[in-house]
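Engineer: Would you mind keeping the following structure in view while I ask a few things?
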Amino acid sequence: MEFDGERILDGINLYFNDHEFLTLLGPSGCGKTTTLRIIGGFLTPTSGRVLFDGNCINDVPPYQRQINTVFQRYALFPHLNVYDNIAFGLNVAKLPKAEISQRVEEMLEVVGLQGFAHRHIDSLSGGQQQRVAIARALVNRPKVLLLDEPLAALDLRLRKDMQNELKRIQQAMGITFIYVTHDQEEALSMSDTVVVMDKGRIQQIGRPEDIYNEPKNAFVADFIGESNILDGVMLSDYKVKFFGRVFDCVDAGFAPNEPVDVVIRPEDIDFVPAGEGHLVGTVTSVTFKGLNYDIIVDFRGFKWLIQTTDYHGEGETVGIRLNPEDIHIMHKSEYSGMFGDYSSYSAEYDELTEDADNEEE
Amino acid sequence: MRKTNRIFSVLIFIFLYIPMAVLILASFNTGKNIAIFEGFTFDQYKELFRDRDLLALLGNSLLIAILSTAIATAFGTFAAVGIHSLKPRMRKAVMTLTNIPMTNPDIVTGISLSLLFVFIGTGMLGQKQSLNFWTLLIAHITFNLPYVILNVMPKLQQMNPALQDAAMDLGCTPVKAFFKVTLHEIMPGMVAGAIMAFTMSLDDFVISYFVTGTEFVTLPVKIYSFTKKPIHPKIYAMFTLLFLLIFVLMVTMNLLQLRGDKRKQDRRIKMASRGMRVFRRAIAIICTVALICGSAFLIIRSRKDKITLNVMNWGQNIADGSDGTIDLIAAFEEAYPYIDVNYSEYASNEELYSKLSNGGLVVDLIIPSDYMIARMISEDMLLPLDFGNIPNYKNVMDTYKDQAYDPENQYSVPYTWGTVGIIYNAKYVDEADVTGWDLLWNEKYKGQILMFDNSRDAFGIAQYKLGYSVNTTDKEELQACADALSAQRPLVQQYVMDQVYAKMEEENAWIAPYYAGDAMMMMENNENLRFYLPENESFNLFIDAMCIPYCCQEKAAAELFIDFMCNPEISGANMDYICYGSPIEGATEYMDEYLAESEVIYPPAEILERGESYGFLPEDITRYVENLFLQVRLN
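Sequence order for the protein chains is A and B.
Going by my numbering, the first residue of the first sequence is number 66, and it counts up by one from there.
Going by my numbering, the first residue of the second sequence is number 155, and it counts up by one from there.
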């Protein structure tokens, strides 16, 4: 897919299964919305094909596809009330009035908006508008429902509720959901399959657990959860060397002496007294996070993020142990060296970038 | 500060609405004088609704306004959607281009449209009458379009572009999505644009004036030709109604907008507004009905198999049935049932001249004044008359035949005539001084003398005084006239035209040369005023005469009309309304005695014999005289 000669999507090869909840996950500008719009029929790819039940639908306009969309910020019709919004597609299809009324009532029940049929759109809260948008799409009984960041405009608590709600609806209706989000937590908690995208390419496809536990490269490791990513060398199967030490690990199948990226999740690291540790470092900052502390530890000038329930004060010398199953080895990629160093880490910085993401979308 | 602001806004409101208040008051006034409110009455409204011509004109204006608004709103909306889909830089450029016609002076738009229509109609399609209802409609649509686009664009920009996608996602084709969703979103802009276009169209004069033919005239164009006589108060009544119509339209629009905004803010209101929906439907229905009626009306119009005779006359220069007179057009149509008279008006000889020379019109009969007839003859704009078709020509008195402007009387038949004499106030002016044009040069009345503020009449008086021909082209004679006028200048209080009425009636000046018919009216208002024609000198006898212009299509019918007007009974009835002299033998017998016996309007024959009418002057002489007069005025 290209816009003005600029390549937006490259080598996208995706299969969607029936009844699947699939999420396209990636930072803004990664091409996930473009992918969704191609599936919806609002964009025609400059090359490549979109197949639906084995038939190419490149030239099928959106109004003839058995696909419906829940748009960013809902795109409800302001001149119609709740009932007429939901009935819109059925009216266009010229279904009998009785059937329309029955199906709309049904959908109102599914999304929990009984009694709201004659409310005006402007009088609904964000969450209610969201439900109307979902009902408006689902009432047409599409084979696939596309959801473009449907929860982005909701506040945190409402977002959690709607996540559960969406999952419930998807399971109840048995429809394929293709869900676009930049929120990794949302993706992990709702999806059957997660597709991590960046720079118009698919970085990894897999079940949420696999994506989290076995990230394919530094980008995925960093984007999904927090990761300390270090340069290492794979000496042989199950032996990796970094920070001048050889560690046991569970990974095999790399070339001897291959340079690799080593991922260590912050929550997998255990503190031990300085003398007993594989590595010894100094605590440079401590942030209380509720469930745990985020502790930044300086190991020979390389700063690690460690999440722990034990408190260690700033300036304290600590030791850590790494178990073989806590160490994950990845091949080097174009993302190597870009992520995984917490030298400039701060809680505020993280929030700021997240806000910026929201605004862009 | 706030107080000052409030005072200012009140002042501005007064400033804006006082003229309308005066007009509304005048429309309920029993008296005809605007300055004094004599009593409350609905008579003007009754008279307005009795005047079917005026109502027909109002109907024309409304028809054009509604049709052009409906079409411009439809086209403008589609155009706006098209412009909106362009890339931003292109969009900006196109918007600038669409806005230019709005800032363009109307007169430029009017003239260029007129040129275009005549070029295409007459030049390319060979139509005789290329300016007509359709050109007027096209012109109105043209100048209405930018207002619609300007109002619809912001609504398109405000609209969430995903709405269109959502509609398509739910099964609408792009066109259906436009009608089911986009249209609703931009409706407020369309309504605002339509109302603006409607009001612009309803009151447009300048552009309409240049692009309309004689068969279809709108109200503003017609009213402009009412300037020859004071405006009838029923016109005030009509303006009041028009003002109220537009006022109600604007207020409704603003209220609906206000309600729409409030609905968006107020989340508690649950039901969709029905008012807006009803309003939209009403507008849609009105537009449709107007379109259907308009087309039907035009088809009926174009189907009639009668001859149409296009007559162009001065404003209020034919008896029309008001004030107890006879409706002469109706009488003519009754006498010749196969002829339909299409009557239109002009305000000055020069206006008539420019309309005819611009081309694109079919006009069968005109009634210009003497010097203009001479000019038109010299420019081959008139056709020689077939006097075999005008037997009543024998009724025209010899005094008015073979005048300087048409020496062999081939092109014109006199319609009315009048004289230029001196009006004076007997209370201040010594009767012994009242002899000839000398009175205007009498040192005794220094500062109480008024003089014509137009070169032809001013020089005419000097020429009569010095005994030269009023049509002289001798530059030495003209210089002598200029010297005489310069000599008179210190005695003159002011050079005037219409202001003469107030000055003389209120006795702020004592002596003035003016036209006999007007003198008669001044004398009605001040009993000290007298009118006389110089005893031994010559004076101007002006004549308006019926002529057939080169663009005539129905010459025989036009000659029938001329013949009809030469009937003494008809001419007499006509003069009762227009208060000029009739050139027809025996016409006085059919007039009001008051007019027939007035020596102001009908001086004795021996005096009349000294009258001389204006003839043709070459253009270089006209300009020479104008320059001399300018010098006189400036010294």
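Where a beta carbon is used, it is the ideal one built from N, C-alpha and C, also for glycine.
Once you ignore the five residues that flank N78 (chain A) on each side, which residues in its own chain have a CB closer than 8 Å to its CB?
Structural biologist: Residue numbering aside, residue 78 (chain A) sits at position 13 when the first sequence is read from its first letter. So the list reads I267, once near-sequence residues are dropped.
Engineer: Is it buried or exposed, G514 (chain B), if we count other Cβ atoms within 10 angstroms and call 16 or more buried?
Structural biologist: Start at 1 with the first residue of the second sequence, and residue 514 (chain B) comes out as number 360. Answer is buried; the Cβ neighbour count reaches 16.
Engineer: Name the chain B residues whose beta carbon is nearer than 8 Å to that of V197 (chain A)?
Structural biologist: Your numbering for residue 197 (chain A) matches position 132 in the first sequence. Neighbours of V197 (chain A) on chain B: none; closest Cβ ~12 Å, over 8 Å.
Engineer: If you compare alpha carbons, which of A:V298, A:E291, A:G177 is closest to P331 (chain A)?
Structural biologist: Taking the first sequence and counting its residues from 1, the one referred to as residue 331 (chain A) is at position 266. It is A:E291 whose Cα lies nearest to the Cα of P331 (chain A).
Engineer: In the DSSP assignment, find the unbroken beta strand (DSSP E) run with G236 (chain B) in it and report its ends.
Structural biologist: In the second sequence, the residue the question calls residue 236 (chain B) occupies position 82. No beta strand (DSSP E) contains G236 (chain B), which is instead part of the alpha helix (DSSP H) from 206 to 238.
Engineer: Label P328 (chain B) either buried or exposed according to how many other C-beta atoms from any shown protein chain fall within 10 Å of its C-beta, with 16 as the threshold for buried.
Structural biologist: Here residue 328 (chain B) refers to the residue found at position 174 when the second sequence is read from its first residue. The residue in question, P328 (chain B), is exposed, as its Cβ has fewer than 16 Cβ neighbours within 10 Å.
Engineer: Restricting to Cα atoms, I'd like to know which of B:T250, B:D260, B:P315 is closest to L304 (chain B).
Structural biologist: Here the question's residue 304 (chain B) lines up with position 150 in the second sequence. Comparing Cα-Cα distances from L304 (chain B) to each of B:T250, B:D260, B:P315, the minimum goes to B:T250.
Engineer: Is N258 (chain B) close to chain A, meaning its C-beta is less than 8 Å from at least one C-beta of that chain?
Structural biologist: As a position in the second sequence, residue 258 (chain B) is number 104, starting the count at 1. No, no contact with chain A.
Engineer: In chain B, which residues lie with their C-beta within 8 Å of the C-beta of F81 (chain A)?
Structural biologist: Within the first sequence, numbered from 1, the residue matching residue 81 (chain A) stands at position 16. Ordered by position in chain B, no residue passes the 8 Å Cβ test against F81 (chain A), which lies about 18 Å from the chain.
Engineer: How many Å lie between S256 (chain A) and L90 (chain A) at the Cα?
Structural biologist: Here residue 256 (chain A) is taken as the residue at index 191 of the first sequence, counted from 1. Here residue 90 (chain A) is taken as the residue at index 25 of the first sequence, counted from 1. Cα to Cα, S256 (chain A) sits roughly 10 Å from L90 (chain A).
Engineer: Figure out for me which residue from B:V583, B:E773, B:Y171, B:I340 has the closest Cα to the Cα of A234 (chain B).
Structural biologist: Residue mapping note: residue 234 (chain B) aligns to position 80 of the second sequence, counting from 1. Measuring from the Cα of A234 (chain B), the nearest candidate turns out to be B:I340.
Engineer: Quick one: complete beta strand (DSSP E) runs, 3+ long, within the segment 233 to 315 of chain A?
Structural biologist: DSSP runs (the beta strand (DSSP E)) wholly in the segment 233 to 315 of chain A: 241 to 246, 258 to 263, 266 to 271, 293 to 301, 304 to 307, 310 to 313.
Engineer: Return no unless some Cβ of chain A is closer than 8 Å to the Cβ of L324 (chain B).
Structural biologist: Taking the first residue of the second sequence as 1, we reach residue 324 (chain B) at position 170. Chain A contact via Cβ: present.
Engineer: Cutting at 8 Å between CB atoms, please list the residues of its own chain near F312 (chain A), excluding the five before and the five after it.
Structural biologist: Within the first sequence, the letter at position 247 stands for residue 312 (chain A). K304, V305, K306, H343, L387, P389, I392, listed in sequence order.
Engineer: Using the Cα positions of A741 (chain B) and I544 (chain B), report the straight-line distance between them to the nearest angstrom.
Structural biologist: The residue labelled residue 741 (chain B) in the question sits at position 587 within the second sequence. The residue labelled residue 544 (chain B) in the question sits at position 390 within the second sequence. Going by the C-alpha atoms only, they are around 17 Å apart.
Engineer: So is L317 (chain B) in contact with chain A if we call contact Cβ pairs under 8 Å?
Structural biologist: On the second sequence, position 163 is the one that residue 317 (chain B) refers to. Output row for L317 (chain B): interface = yes.
Engineer: Select from the segment 323 to 342 of chain B all residues with a C-beta closer than 9 Å to any C-beta belonging to chain A, and list them in chain order.
Structural biologist: Answer in chain order: D323, L324, G325, C326, T327, P328, K330, A331, K334, V335, H338, E339, M341.
Engineer: N791 (chain B) and P522 (chain B): beta carbons closer than 8 Å?
Structural biologist: Any question about residue 791 (chain B) goes unanswered here, given that chain B covers just 155 to 789.
Engineer: Are the C-beta atoms of N314 (chain B) and some chain A residue less than 8 Å apart?
Structural biologist: Counting from 1 along the second sequence, the entry for residue 314 (chain B) is found at position 160. Closer than 8 Å to some Cβ of chain A, the Cβ of N314 (chain B) qualifies, so yes.
Engineer: Tell me whether F364 (chain B) counts as near the ligand FAD, meaning its Cβ is closer than 7 Å to at least one heavy atom of that ligand.
Structural biologist: As for the ligand FAD, it is missing from this structure, which has no ligand bound.
Engineer: Would you verify that the beta carbon of A436 (chain B) is, or is not, closer than 8 Å to some beta carbon of chain A?
Structural biologist: On the second sequence, position 282 is the one that residue 436 (chain B) refers to. No, A436 (chain B) does not count as interfacial toward chain A.
Engineer: Please classify D75 (chain A) as buried or exposed, where buried requires at least 16 neighbouring CB atoms within 10 angstroms.
Structural biologist: Stepping through the first sequence from its first residue, residue 75 (chain A) is reached at position 10. Burial call: exposed.
Engineer: Near E424 (chain A), which residues of its chain fall below 8 Å by C-beta distance, leaving aside the five closest residues on each side in sequence?
Structural biologist: Translated into the one-based positions of the first sequence, residue 424 (chain A) becomes position 359. Because the pLDDT at E424 (chain A) is just 39, under 50, the model does not fix this residue reliably, and the value given afterwards should be weighed accordingly. There are no such residues.
Engineer: Residue ranges of each beta strand (DSSP E) run of no fewer than 3 residues wholly in the segment 475 to 560 of chain B, ordered along the chain?
Structural biologist: Correct list: 493 to 500.
Engineer: Using three-state DSSP, classify D213 (chain A) as helix, strand or coil.
Structural biologist: For the purposes of this step, residue 213 (chain A) is identified with residue 148 of the first sequence, where counting begins at 1. D213 (chain A) falls in the strand class under three-state DSSP.
Engineer: Let me know if R206 (chain A) comes out buried or exposed under the rule of 16 or more other beta-carbons within 10 Å of its beta-carbon.
Structural biologist: Numbered from 1 along the first sequence, position 141 holds the residue referred to as residue 206 (chain A). That one is exposed.
Engineer: Spatial neighbours of V779 (chain B) within its chain, please: C-beta separation below 7 Å, excluding the five flanking residues on both sides.
Structural biologist: Counted from its first residue, the second sequence places residue 779 (chain B) at position 625. Hits under 7 Å: S609, F613, L632.
Engineer: Let me know the secondary structure DSSP gives Y199 (chain B) once reduced to three states.
Structural biologist: Counted from its first residue, the second sequence places residue 199 (chain B) at position 45. Helix at Y199 (chain B).
Engineer: Buried or exposed for L240 (chain B), please, with buried defined as at least 16 other CB atoms from any protein chain shown within 10 angstroms of its CB.
Structural biologist: Here the question's residue 240 (chain B) lines up with position 86 in the second sequence. The residue is exposed, with fewer than 16 neighbouring Cβ atoms inside 10 Å.
Engineer: Can you tell which of A:N146, A:L145, A:D213 has its C-alpha closest to the C-alpha of T99 (chain A)?
Structural biologist: Translated into positions along the first sequence, residue 99 (chain A) becomes position 34. Among A:N146, A:L145, A:D213, the Cα nearest to that of T99 (chain A) belongs to A:D213.
Engineer: Quick one: list the residues of chain A neighbouring A346 (chain B), beta-carbon separation under 7 Å, in chain order.
Structural biologist: Residue mapping note: residue 346 (chain B) aligns to position 192 of the second sequence, counting from 1. Correct list: empty, because the minimum Cβ distance to chain A is about 17 Å.
Engineer: Using the Cα positions of T553 (chain B) and F696 (chain B), report the straight-line distance between them to the nearest angstrom.
Structural biologist: Numbered from its first residue, the second sequence carries residue 553 (chain B) at position 399. Numbered from its first residue, the second sequence carries residue 696 (chain B) at position 542. Between T553 (chain B) and F696 (chain B), the C-alpha separation is close to 12 Å.
Engineer: If you drop the 5 nearest sequence neighbours on each side, which residues of the same chain put their C-beta closer than 7 Å to that of Q129 (chain A)?
Structural biologist: Start at 1 with the first residue of the first sequence, and residue 129 (chain A) comes out as number 64. Taken in chain order, the list of residues that qualify is empty.
Engineer: Under a three-way DSSP split, which group does L645 (chain B) fall into?
Structural biologist: Here residue 645 (chain B) is taken as the residue at index 491 of the second sequence, counted from 1. If DSSP states are grouped into helix, strand and coil, L645 (chain B) belongs with the helices.
Engineer: Flag A320 (chain B) as yes if its beta-carbon sits less than 8 Å from any beta-carbon of chain A, otherwise no.
Structural biologist: Along the second sequence, read from residue 1 onward, the residue named residue 320 (chain B) stands at position 166. Chain A contact via Cβ: present.
Engineer: For K208 (chain A), which residues from the same chain have a beta carbon less than 6 Å from its beta carbon, with the 5 sequence-adjacent residues on both sides left out?
Structural biologist: As a working mapping, residue 208 (chain A) is identified with position 143 in the first sequence. The answer, listed in chain order, is Q131.
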